[in-house]
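S.K.: In our numbering, the protein residues as written are 3 to 256.
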Ligand SMILES: NC(=O)c1ccc[n+]([C@@H]2O[C@H](COP(=O)([O-])OP(=O)(O)OC[C@H]3O[C@@H](n4cnc5c(N)ncnc54)[C@H](OP(=O)(O)O)[C@@H]3O)[C@@H](O)[C@H]2O)c1
């Protein structure tokens, strides 16, 4: 799936105005999930913006208790209802646990694609062997894999899988959930470019092949700054320096 380099992560956003502002300032990929409890908020924000629905990529995720074969279609229908949409562009398996069973869950997701309710099937927080099994079972190609990816957690193996199999890796928590602002290396590189450590963290993520990202932001200032990070170009020496600060710090371990 062709995804814009910077989308909006909406976990924690409970104001439709923030979503509307995001769309108005240029975000075209919005990422929510059943478990965030804000699909209705995201739907309201989309409805309030002037941007036509077809210009937006809307993604949501089925939580681990909605992954039994018979639960997938009703859970997806409930998400569409809350979003106020007839279809979503991406429907993810949020985590491969709980009721997840590749042989049962994934054919149910293929069924939603066949019915036109979902454009692409996404996976999130999968390990390489789980990705391989999913590829074997799914009729639909893997549209995207959403994983934690930031300067403290490089996830090299999953990056290589995305590159080898040609799907986008959607980097979540690209600002290390806020820790990026205190990092000395990011701060120093930001000063050299007269920008913020947030912009440097986003530009670093985007410097990797097949990577797009979804920073969460609520204020117009942060929303605009994160989108503007698309045009920040880091040198290969700077990218390597940031690669080297990886400390296997995972914010969302299993
Ligand atoms: N698939 C999964 O299992 C999974 C897990 C975790 C997250 N995610 C997705 O990834 C998205 C992003 O991850 P995240 O929410 O963990 O964290 P993040 O994007 O790494 O960081 C968000 C934090 O940074 C602040 N911020 C944003 N832009 C800023 C800027 N330019 N300057 C200063 N502060 C800034 C935000 O504050 P303000 O809100 O005040 O702007 C917020 O506190 C989530 O919203 C969600 O969609 C997915």
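Just so you know, even glycine gets a beta-carbon here, dropped at the ideal spot from N, CA and C. Quantities reported herein were computed from a predicted structural model and do not represent experimental measurements.
Which residue spans inside the segment 158 to 238 form an unbroken alpha helix (DSSP H) run of at least 4?
M.R.: Taking only runs of at least 4 residues, the alpha helix (DSSP H) segments lying wholly in the segment 158 to 238 are 158 to 167, 186 to 194, 199 to 208 and 222 to 230.
S.K.: Measuring CA to CA, which of 148, 105 and 159 is closest to residue 137?
M.R.: Minimum Cα distance to residue 137 is reached at 105.
S.K.: Measuring CB to CB, does residue 93 end up less than 8 Å from residue 78?
M.R.: The answer is yes: Cβ separation under 8 Å.
S.K.: Between 80, 71, 224 and 107, which has its C-alpha nearest residue 139's C-alpha?
M.R.: Per the Cα distances, 107.
S.K.: Is it right to say residue 153 is buried, meaning 16 or more other beta carbons lie within 10 angstroms of its own, or is it exposed?
M.R.: The residue is buried, with at least 16 neighbouring Cβ atoms inside 10 Å.
S.K.: Could you give the distance in angstroms between the alpha-carbon of residue 70 and the alpha-carbon of residue 191?
M.R.: Residue 70 and residue 191: Cα-Cα distance of roughly 47 Å.
S.K.: If you follow the beta strand (DSSP E) that residue 32 is in, where does it begin and where does it stop?
M.R.: Where residue 32 is concerned, the enclosing beta strand (DSSP E) stretches over 31 to 33.
S.K.: With a threshold of 8 Å, are at least 3 pairs of Cβ atoms found where one atom belongs to the segment 30 to 44 and the other to the segment 235 to 244?
M.R.: Contact fails: fewer than three Cβ-Cβ distances are below 8 Å.
S.K.: Can you tell me whether DSSP reads residue 46 as helix, strand or coil?
M.R.: DSSP places residue 46 in helix when its eight states are reduced to three.
S.K.: Where does residue 15 sit, in a helix, a strand or coil, going by DSSP?
M.R.: Three-state DSSP puts residue 15 in coil, outside helix and strand.
S.K.: Taking contact to mean at least 3 C-beta pairs separated by less than 8 Å, is the segment 120 to 127 in contact with the segment 48 to 58?
M.R.: The answer is no - the segment 48 to 58 does not touch the segment 120 to 127, with fewer than three Cβ pairs under 8 Å.
S.K.: Given the structure, does residue 200 come close to ligand 1, in the sense that its CB is under 7 Å from one of the ligand's heavy atoms?
M.R.: Indeed, a heavy atom of ligand 1 lies less than 7 Å from the Cβ.
S.K.: Just the Cα atoms here: how many angstroms apart are residue 234 and residue 143?
M.R.: So the two alpha carbons sit approximately 32 Å from each other.
S.K.: For the alpha helix (DSSP H) containing residue 74, name the first residue and the last one.
M.R.: Element bounds for residue 74: 71 to 85.
S.K.: Near residue 254, which residues of its chain fall below 6 Å by C-beta distance, leaving aside the five closest residues on each side in sequence?
M.R.: Hits under 6 Å: 150.
S.K.: Can you give me the Cβ contacts of residue 21 inside the same chain, cut-off strictly under 6 Å, excluding the 5 residues immediately before and after it?
M.R.: The answer, listed in chain order, is 44 and 47.
S.K.: Could you tell me the boundaries of the beta strand (DSSP E) in which residue 92 lies?
M.R.: It spans 90 to 95 - the beta strand (DSSP E) in which residue 92 sits, taken as one unbroken run.
S.K.: Hey, out of 64, 7, 96 and 54, whose CA is closest to residue 256's CA?
M.R.: The shortest Cα separation from residue 256 among 64, 7, 96 and 54 belongs to 96.
S.K.: Check whether the Cβ of residue 96 lies closer than 7 Å to any heavy atom of ligand 1, and answer yes or no.
M.R.: Residue 96: yes, Cβ under 7 Å from ligand 1.
S.K.: Applying the 10 Å Cβ sphere with the 16-neighbour rule, what's the burial state of residue 156?
M.R.: So residue 156 ends up on the buried side.
S.K.: Mapping DSSP to helix, strand and coil, what is residue 9?
M.R.: Residue state, collapsed to three classes: coil.
S.K.: Run the CB neighbour count on residue 205, radius 10 Å, all protein chains shown included, and call it buried at 16 or more, exposed below.
M.R.: It is buried - the Cβ of residue 205 has at least 16 other Cβ atoms within 10 Å.
S.K.: Exposed or buried, residue 211, counting other C-beta atoms within 10 Å across all chains shown (16 or more means buried)?
M.R.: Residue 211 is exposed by the Cβ-count criterion.
S.K.: Is it right to say residue 239 is buried, meaning 16 or more other beta carbons lie within 10 angstroms of its own, or is it exposed?
M.R.: It is exposed - the Cβ of residue 239 has fewer than 16 other Cβ atoms within 10 Å.
S.K.: Assuming contact is defined by CB atoms lying nearer than 8 Å, are residue 199 and residue 11 in contact in what I supplied?
M.R.: No. Outside cutoff.
S.K.: With DSSP run on the structure shown, which of helix, strand or coil describes residue 64?
M.R.: It is a strand residue.
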